[in-house]
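Q:
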Amino acid sequence: MTSANCMSSADFFAAWKHSLSADFEQDGVPAKSDPWVTQAAKIATSDKALVLALSDDSALLAAAVGHEIHVYEIATSELLHTLRGHTGSKIERLEFQPGGRKIAAGSSRIITRQMTYMCRVWDLDALAESGAQDYLDEAVEAAVSAASSTLSQHWSPEDLEAADLQTKFAEIIAGGQVAVDLRNGLVFAGTLPGHGSRAFSHDGRSLLYISDRNHAVVLDVATLTERFRLSSHTDAIMWAEMSPDDKVIATSSWDKTTRIWSMESGELIHVLEGATNQSWVGAFSPDGALIASGSGDKIIRIWRVDTGELMHTLSGFTQWIRSLAFSPDGGHLVAGAAGGTLRVFDVASGACEQSWQVDLTDRFARSFIEIDGVRYTARGDLFFRSPEGRVFGYRASDNLKWESGKVLQYGQFATSKDGSLLVTPLQDHSVCIWKID
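Numbering (UniProt numbering), first residue to last: 1 to 437.
(1) CB Asp372 to CB Gly419, shorter than 8 Å?
(2) Just curious, the beta strand (DSSP E) that Ala75 is in, first and last residue?
(3) Once you ignore the five residues that flank His215 on each side, which residues in its own chain have a CB closer than 6 Å to its CB?
(4) How is Gly106 classed by DSSP in three states: helix, strand or coil?
(5) Could you tell me if Ile210 is buried or exposed, where buried requires 16 or more neighbouring beta carbons within 10 angstroms of its beta carbon?
(6) How long is the line joining the alpha carbons of Arg304 and Phe364, rounded to whole angstroms?
(7) Give me the Cα-Cα distance between Leu61 and Ser430, rounded to the nearest whole angstrom.
(8) Can you tell me which residues form a DSSP beta bridge with Phe200?
(9) Measuring straight from C-alpha to C-alpha, what distance separates Ser262 and Asp362?
(10) With contact counted as at least three CB pairs below 8 Å, one residue from each stretch, are the segment 87-94 and the segment 172-187 in contact?
(11) With distances taken from CA atoms, which of Leu20, Glu264, Asp235 and Glu267 is nearest Lys256?
(12) Have a look at Ile433 and His202 and give me their C-alpha separation to the nearest angstrom.
(13) Establish whether the CB of Pro98 and some CB of chain D are separated by less than 8 Å.
(14) Return the bridge partner residues of Cys6 from the DSSP annotation.
(15) Would you report the Cα separation of His154 and Ala146, rounded to the nearest angstrom?
(16) Give me the residue from Thr116, Glu141 and Lys247 with the minimum Cα distance to Val187.
(17) Which of the three DSSP states, helix, strand or coil, is assigned to Pro30?
(18) Relative to the alpha-carbon of Met311, which residue among Ser148, Leu426 and Gly350 has its alpha-carbon at the smallest distance?
(19) Please give the ranges of any beta strand (DSSP E) in the segment 10-68, keeping only runs that are unbroken, at least 3 residues long and fully inside the region.
(20) Have a look at Gln177, Phe200, Val29 and Glu73 and flag the residue whose alpha-carbon is nearest the alpha-carbon of Gly100.
(21) At a cut of 8 Å, does the segment 333-347 reach the segment 306-324 through at least three beta carbon pairs?
(22) On a CA-only basis, which of Pro157, Glu264, Glu241 and Leu408 is nearest Ala325? Give me that one, please.
(23) Suppose contacts are defined by Cβ-Cβ distances below 8 Å. Is Ser404 in contact with Arg390 by that definition?
Structure, rendered in structure tokens:
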């Protein structure tokens with residue numbers, strides 16, 4: 001819908017032309033566009049793949065395709081597993097266990113006009129040993145065969161085809177499997193933390209999820225039992241993550257606070273205050289000494305984790321900040337914000353070293369353009385995305401920039417642990433594998 005005062009996101013992005021009012025540069029020298037990120041392969045998918053994740057060894061790709069999770073071998077593009085525990089749901093988060101063969105998945109669906117959330121942990125080794133979910137296929141085929149035998153006495157072949165019994169029985173049986181898994185403690189009512197959160201601990205032994213909006217729960221991954229829950233926030237938790245040394249947990253909430261908790265006991269250590277609007281996102285420095293938080297008051301705050309001392313307040317944004325990441329050496333902090341702004345700060349001084357800005361001449365752009373997904377690779381390369389479907393990169397060491405061109409609107413990208421690969425979803429129902437030179 002378009003009028004003088006309103007426009008839908010679909011109409012805006014259909015007409016909008018990407019341009020910048022500020023780009024990467026060093027000492028007045030504009031960044032160059034030499035090809036340092038190149039396409040290596042494409043993996044065809046049966047539908048749009050909006051959410052992606054890579055295993056630590058870069059051998060496996062997990063993709064949310066429709067209501068299923070497809071797991072591919074990257075070297076051969078072979079589909080290894082189809083995971084069907086999210087029938088009727090939108091899969092919003094995928095994450096591989098560090099150094100392991102488990103995948104955490106978070107999804108949402110509307111039931112009786114209310115949004116409900118579910119998360120679960122898939123064990124690829126257990127699926128391989130048990131014959132995956134072949135029994136679900138067998139149950140669907142048996143149901144279709146029995147129903148078709150009876151209905152064919154009353155329906156024409158065309159009626160049977162139009163009824164699409166295969167799809168409908170598949171949805172019913174997969175939904176039944178979810179109910180069984182919930183009953184047996186294999187699925188949890190809640191959501192994986194968002195805004196760039198890392199749900200697994202760095203040693204892969206624990207998993208964070210959000211229950212009842214205000215509570216963060218820490219699970220033992222081996223047993224899928226609750227270790228403890230973090231329960232003093234008074235509004236919804238948006239971001240949660242364990243520190244790089246897995247000694248503390250940080251949470252950011254709409255109650256305007258960031259909180260630090262003991263990873264051993266779940267005890268509250270610090271309440272970091274100062275934000276005058278909702279806190280949306282956080283990030284640990286690589287050594288775990290600092291925690292940064294971005295909020296709706298357009299300010300980034302950096303605290304010491306051990307003392308709770310406020311070190312810096314960083315500004316220069318026109319709207320909320322919902323994406324943060326430290327560089328691998330801890331020297332820089334990058335922030336993505338609504339209003340099409342990305343800024344890179346020197347952590348020691350708090351000075352802004354890079355300012356990248358989408359041109360907001362179009363008066364509707366401020367409402368639709370937000371920079372998110374900011375991350376540094378292990379090599380120090382910076383990547384981020386804008387919602388119309390472009391992924392951008394910057395290599396500060398050589399003052400090189402990169403742009404994917406338009407890929408998939410609202411699709412999430414992923415980078416490999418060693419920083420050598422980037423994967424992006426494409427409009428043509430495929431995933432592009434990029435080599436980072």
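Every residue, glycine too, gets a C-beta built ideally from N, C-alpha and C.
A: The structure says:
(1) No, the pair does not count as a contact, with Cβ atoms beyond the cut-off.
(2) For Ala75, no beta strand (DSSP E) run applies, since DSSP gives it neither H nor E.
(3) Once the five neighbours on either side are set aside, the close Cβ partners of His215 are Arg229 and Ser231.
(4) Here Gly106 sits in strand by DSSP.
(5) So Ile210 counts as buried.
(6) Approximately 39 Å between the Cα atoms of the pair.
(7) Straight-line Cα distance between these residues: approximately 12 Å.
(8) By DSSP's assignment, Phe200 forms a beta bridge with Leu207.
(9) Rounded to the nearest angstrom, the two C-alpha atoms are 47 Å apart.
(10) Yes: the two stretches touch, three or more of their Cβ pairs being nearer than 8 Å.
(11) Checked all of Leu20, Glu264, Asp235 and Glu267; the closest Cα to Lys256 is Asp235.
(12) Distance between the alpha carbons of Ile433 and His202 is about 25 Å.
(13) Given the protein chain composition of this structure (a single chain), no chain D is represented.
(14) Cys6 is not bridged to any residue.
(15) One C-alpha to the other measures close to 14 Å.
(16) Checking every option, the nearest Cα to that of Val187 belongs to Thr116.
(17) In this structure, Pro30 counts as strand in the three-state DSSP scheme.
(18) Measuring from the Cα of Met311, the nearest candidate turns out to be Gly350.
(19) Counting whole runs of 3 or more residues, the segment 10-68 contains the beta strand (DSSP E) stretches 20-22, 37-44, 49-54 and 60-65.
(20) That would be Phe200, whose Cα lies nearest to the Cα of Gly100.
(21) Yes, they touch.
(22) The candidate whose alpha carbon is nearest that of Ala325 is Glu241.
(23) With contacts defined as CB atoms closer than 8 Å, Ser404 and Arg390 qualify as a contacting pair.
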